[in-house]
Structures are given as structure tokens and as C-alpha cells.
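Data block below; observations after.
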Amino acid sequence: MSRKTYEMDMTSGPILGKIIRFAIPVMLSGILQLLFNAADIIVVGQFAGSDSLAALSPTGSLSNLMINLFIGLSVGTNVLVAHYYGANQKKDVEETVHTSVAISLIAGFCLVIIGVTLCRPLLELMDTPEEVIDRSAIYMKIYFAGMPVVMLYNFGSAILRAIGDTRRPLYFLSIAGVINVVLNLIFVIVFHMDVAGVALATIISQAFSAVMVVRCLMKDEGICHLELKRVRIVKEKLIRMARIGLPAGLQGAVFSISNVLIQSSVNSFGANAMAGNTAAGNIEGFVYNAMNAFYQTNLSFTSQNYGAKKYERIPKITFYSLGMVAVIGFVLGGGAYLASGTLLRIYTDVPEVIRIGQLRMKYVAIFYLFCGMMDTLVGSVRGLGYSVLPMIVSLTGACLFRVIYIYTIFAMNRTLDCLYVSYPISWALTASVHFICLMVIWRKKLNIGNRPTASQGS
């Protein structure tokens with residue numbers, strides 16, 4: 475199949491149909507990545523016990539805390555490649571591709587050192603219970619040892635998304651998902667490796683995905699062609715990538731700090747609360763990834779159209795994306811809560827764990843559409859080249875709010891209900907401010923409403 479078959483021109487033709495075609499593979503890819511985690515959690519919960527399941531609870535938020543800063547740079551890659559691709563600036567695309575691959579490897583090896591060294595002290599800071607902390611630390615050490623391949627896949631797939639190729643990453647993850655499930659069963663059931671087995675299975679499957687993405691770029695015959703001997707950092711591209719990506723990464727990292735604080739608060743309620751929180755969070759993750767596909771779609775479409783100076787298409791892209799997110803969040807989030815009893819029993823048969831999981835989903839899953847809308851609006855702002863503004867809004871409206879909430883309202887009413895309600899409140903507040911900022915940017919930067927359209931001429 476030719477290269478052009480996979481690419482998508484986001485700057486012409488009907489918008490909604492292309493958004494859906496772009497988003498569906500991204501959505502399925504995100505769900506497949508979650509299935510990696512779901513397979514880990516289900517196998518551990520069913521074959522290693524509730525303490526091992528609880529051991530996985532603090533690893534997610536803590537891993538994200540250390541990873542998100544570097545993942546943010548891949549957002550810079552996506553926006554930069556899409557801008558240059560939309561403007562047909564071939565040399566700039568090539569330099570960005572090779573700089574991105576170099577940065578992904580450097581970031582990966584930095585994370586190996588950071589994660590392996592700091593995971594135990596950070597788990598202790600989170601008040602992880604003694605009965606699970608050893609297993610949590612083992613899982614994280616193995617997981618972080620594989621960070622180079624995780625970063626390589628994320629940066630490589632960001633390049634492919636920027637030119638409209640969302641199908642090949644889906645194909646690679648489909649095969650990797652099968653590898654992950656098979657290895658989970660072998661390592662845990664046959665070799666009794668417990669959480670170490672699921673961590674190792676995850677990294678091996680991620681390595682396969684990374685190899686396939688790199689191979690895909692190396693065989694590409696267009697402007698995204700990768701030559702390993704040309705992998706180096708181009709200073710100008712690194713600076714532009716950092717201007718967009720570092721604020722995005724910092725936002726993700728600080729978001730993770732607020733989630734770590736919430737996780738620490740959950741930990742104080744004991745192992746059953748940790749296990750219920752883990753299982754419910756994993757189910758909710760499927761809803762989040764379905765919505766997040768439209769954040770990534772909006773980001774790529776806005777970036778390409780901005781690079782091509784097709785300004786009149788940008789508001790339509792945003793509103794179509796918001797509409798899709800609202801529908802998906804309402805249907806999937808509400809459906810997940812209604813089926814929560816059945817879904818949580820896939821992970822565990824402990825009644826108290828199931829009860830706590832349902833409690834979380836009442837406050838989080840039902841109102842998840844606000845989170846999706848918040849992220850989608852960030853994609854619109856970021857796709858126009860603004861990255862510091864959405865970072866400030868998100869950190870203030872969501873992170874700072876949650877921190878203040880935990881140390882004031884939750885401190886006075888230490889219940890899980892009080893803790894979980896902070897999620898939907900922070901999402902709604904932050905989404906509202908992002909929308910106001912976007913309206914101002916459109917008027918200022920795009921002159922929406924006054925600029926002649928392409929059909930009117932100039």
C-alpha cells in the first residue's frame with residue numbers, strides 16, 4: 475500500500491467526515507493501550523490477589539508524574555510537523571522528524587535513571603502501605619527500565635498523526651496487545667512472577683510497537699522519511715518544539731501532582747480503597763481515551779489548517795470535536811456507571827472493593843464529558859501555537875483548585891465522596907475558562923468574522 479493511502483489532507487474537503495475517520499483509529503489505539511493496563515490489572519487481581527492489585531494503584535499516577543513532562547515534547551512534535559506539513563515546508567518537516575527521534579531516545583534514558591532511582595522514595599512519600607510497597611516498587615523499576623521504547627513509540631506516532639496517518643499505529647498496537655495478554659498469562663500464571671511479570675509483559679509489547687513505528691518511518695518515501703544516520707538535534711527545531719511541548723509537559727506533570735495528592739488521600743483509606751480506585755480508574759480510562767481521540771484530532775487538524783492559512787475551517791473543527799466529545803462522554807460515561815457492578819467484577823470479587831469502585835464512578839464517570847471538553851479546547855489553543863496560556867489556565871483551574879480543595883474542604887470532611895467530587899467541579903471550571911480564552915484568541919489571531927473566506931477572495 476502506498477504512502478499516500480495513509481496520509482490525510484486536513485485542509486480541504488468535508489471536515490466532519492475526516493475528523494471521524496482520523497479519530498476512530500486514534501480512539502481504538504488508546505483503548506488498546508488501556509487494554510495493556512487492564513490485562514495487567516485483571517490477571518493480577520484474579521491470579522495474584524487483592525494486595526498485588528492494590529500494589530498497582532499508586533504506580534499509575536506516580537509514573538505519569540515522571541513521564542508527562544517528556545510526553546509533552548511529543549505534543550510539540552505533533553504541532554510542529556503538522557504546521558510545516560500544512561505549509562508544505564519539506565526541509566522543516568525532515569529536520570523536525572530527526573530531532574524528535576533524538577529527543578525521544580534522550581528522554582527515555584533520562585527516565586530510566588529517574589524512575590529506577592526515585593520510585594521507592596516517592597512511593598513512601600505517598601504513604602503507600604507497607605504490605606504493598608515492595609511490589610509497587612518492583613513494578614515501577616521494570617516499567618521504567620523500558621522507557622526508551624515507550625518514548626520512541628510516543629514521538630514516532632505523534633509524527634504519523636501530524637500527517638494524518640492514524641491507522642498504522644493502530645495496527646501495531648493490535649499485535650502488541652495480543653503479545654501483552656499472552657505474556658501476562660505466561661509470566662503470572664505459569665512462572666508466578668506476580669507484578670514483575672505484568673510489568674515485563676507491558677514493556678516487551680511496547681518495544682514491539684516502537685520497532686514497528688520506527689520501521690514505518692524508515693520505509694516512508696515522503697518528507698517524513700527517517701534515516702538513522704541523520705538522527706540529530708537541530709537547535710531551531712528543538713527550541714520551537716520546546717516552546718510548545720514543555721508547557722504541555724509541565725501541565726501534565728503538575729496535573730499528575732494533583733492526582734498524586736488525591737491518590738495519597740485514597741491510600742489513607744486502606745488497601746480496599748486503593749484496589750477499588752484502581753479498578754474504577756481503569757474502566758474510566760476507556761471513556762477518557764475515547765474522548766481524548768478528539769483532543770488529538772482537534773490538535774492535528776487545527777495545526778495543519780493554521781499552517782496552511784485555512785483559518786475559516788478552524789472554528790468548525792473545534793465545534794465538531796466538542797460535539798463528538800460531549801456525546802461520547804455522556805453515552806460511555808453514563809453507560810459505564812450503570813454497568814459498574816458487572817464491570818468491576820471482572821477485576822475483583824471483593825464486595826468492599828466493588829462498592830468503592832462504584833462510588834468513584836458515580837462522581838467521575840458520569841461527569842467525564844467535562845474533562846473531554848476541557849482537553850479538546852486545550853487542543854484548539856495549542857494547535858494555534860499557544861501553549862503557555864492553556865498551561866496556566868489548567869494549572870490554576872484544575873490543579874491548584876484540587877490542591878486547595880484537599881487541604882481545606884476535604885480536610886474538614888474526610889470521606890471518599892468529598893474527595894471524588896473535586897474532579898467534576900475542577901473540569902467544569904477549567905473548561906469554561908479555556909472556552910473564553912479561545913474566543914479571544916480567534917478574534918485576535920485569526921480575525922474570525924472579518925477575514926474574507928477562500929470563496930470570497932481578497
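Going by this note's numbering, the letters in the sequence shown line up with residues 475 to 932, in that order. Where is the CB? At the ideal position from N, CA and C, for every residue including glycine.
Report the residue from the options whose alpha carbon sits nearest the alpha carbon of residue i.
| i | options | result |
| --- | --- | --- |
| ILE678 | TYR894, ARG706, GLU701, VAL624 | VAL624 |
| ALA675 | SER795, VAL656, VAL500 | VAL656 |
| ILE820 | ARG917, THR752, GLN770 | THR752 |
| LEU796 | VAL662, LEU843, ASP823, TYR837 | LEU843 |
| ILE788 | VAL500, VAL799, SER774, TYR480 | SER774 |
| ALA528 | GLY651, VAL761, ARG717, GLU605 | GLU605 |
| MET835 | LEU817, PRO825, GLY846 | LEU817 |
| CYS698 | PHE909, GLY859, VAL838, HIS572 | HIS572 |
| ASN562 | GLY807, ASN779, ILE915 | ASN779 |
| PHE768 | LEU490, ILE545, ASN746 | LEU490 |
| PRO603 | VAL555, TYR558, PRO532, LYS564 | PRO532 |
| LEU539 | PHE521, PRO499, LEU597 | LEU597 |
| ALA636 | HIS908, TYR480, ASP823 | TYR480 |
| GLY487 | ILE828, LEU863, LYS784 | LYS784 |
| VAL500 | TYR645, PHE875, TRP916 | TYR645 |
| THR776 | VAL586, HIS557, SER610, CYS845 | HIS557 |
| ASN628 | GLY803, VAL805, VAL687 | VAL687 |
| ARG609 | CYS593, LEU599, ILE713 | CYS593 |
| LEU579 | GLY504, ALA681, GLY560 | ALA681 |
| PHE743 | ILE802, THR904, ASP601 | ASP601 |
| CYS845 | ASP891, LEU735, THR904, TYR879 | THR904 |
| PRO897 | ILE910, CYS911, CYS873 | According to the sequence shown, residue 897 is Tyr rather than Pro. When each option's Cα is compared against that of TYR897, the closest is CYS873. |
Residue i lies in the alpha helix (DSSP H); which residues open and close that run?
| i | result |
| --- | --- |
| GLY523 | Here GLY523 belongs to no alpha helix (DSSP H), and DSSP marks it neither H nor E. |
| ILE713 | 709-741 |
| ASN766 | 745-781 |
| MET667 | Run containing MET667: none; DSSP gives neither H nor E here. |
| TYR645 | 641-659 |
| MET621 | 621-636 |
Please find out if some non-hydrogen atom of the ligand PLP comes closer than 7 Å to the beta-carbon of residue i.
| i | result |
| --- | --- |
| ASP525 | With respect to small molecules bound, the structure shown includes none, and the ligand PLP cannot be examined in it. |
In whole angstroms, what separates the C-alpha of residue i from that of residue j?
| i | j | result |
| --- | --- | --- |
| VAL664 | GLY523 | 15 Å |
| MET765 | GLY853 | 12 Å |
| LEU893 | GLY638 | 40 Å |
| THR927 | LEU833 | Residue placement at THR927 cannot be trusted, given a pLDDT of 41 that sits under 50; the coordinates are not used to answer. |
| GLU569 | THR591 | 33 Å |
| ILE493 | GLY781 | 18 Å |
| GLN770 | GLY750 | 29 Å |
| THR889 | MET913 | 38 Å |
| PHE496 | THR640 | 6 Å |
| GLY871 | VAL799 | 20 Å |
| LEU851 | TYR762 | 15 Å |
| SER548 | LEU724 | 13 Å |
| SER906 | ILE899 | 11 Å |
| LEU647 | ILE883 | 42 Å |
| GLY857 | THR551 | 11 Å |
| ARG689 | ALA670 | 29 Å |
| MET748 | PHE544 | 27 Å |
| ASN654 | VAL518 | 13 Å |
| THR792 | LEU702 | 37 Å |
| GLY999 | VAL838 | The structure shown does not extend to residue 999, since the chain is modelled only from 475 to 932, so the question has no answer here. |
| ARG477 | ALA716 | With a pLDDT of only 46 at ARG477, under 50, the local geometry of the prediction cannot be trusted, and the value read off the model is given with reservation. Their Cα atoms are separated by approximately 29 Å. |
| MET508 | ALA885 | Note that residue 508 is Leu in the sequence shown, not Met. Cα to Cα, LEU508 sits roughly 33 Å from ALA885. |
| ILE718 | VAL862 | 8 Å |
| THR535 | ILE660 | A small correction: the amino acid at residue 535 is Ser; Thr does not occupy that position in the sequence shown. Approximately 27 Å between the Cα atoms of the pair. |
| ILE616 | LEU691 | 28 Å |
| VAL935 | PRO825 | Nothing about residue 935 can be read from this structure; the chain reaches only from 475 to 932. |
| ASN924 | TRP916 | At ASN924 the pLDDT is 48, less than 50, meaning the model places this residue with poor confidence and gives no usable figure here. |
| LEU585 | TYR613 | 15 Å |
| ARG706 | LEU712 | 10 Å |
| ASN741 | ILE516 | 20 Å |
| GLN930 | LEU506 | In this prediction, GLN930 has a pLDDT of 34, which is less than 50 and means its spatial position is unreliable; nothing more can be read from the coordinates. |
| MET847 | VAL855 | 13 Å |
| PHE521 | ARG829 | 21 Å |
Could one say the Cβ of residue i lies closer than 8 Å to chain B's Cβ atoms, at least one of them?
| i | result |
| --- | --- |
| ASN779 | No chain B is part of this structure, which consists of one protein chain only. |
Any chance you could list the alpha helix (DSSP H) runs of at least 4 consecutive residues sitting entirely within the region 551-610, in chain order? 564-599
Indicate whether the contact test is met: 3 or more Cβ pairs, each with one atom in the region 861-878 and one in the region 808-828, closer than 8 Å. Segments in contact, no.
List, from N- to C-terminal side, the alpha helix (DSSP H) runs of 4 residues or more that fit wholly inside the region 812-846. Within the region 812-846, the runs of alpha helix (DSSP H) at least 4 residues long that lie entirely inside it are, in chain order, 814-818, 825-837.
Any chance you could list the alpha helix (DSSP H) runs of at least 4 consecutive residues sitting entirely within the region 836-914, in chain order? 842-857, 862-868, 875-879, 890-894
Do three or more CB pairs link the region 574-582 to the region 727-742 at distances below 8 Å? Too few Cβ pairs lie closer than 8 Å, so no.
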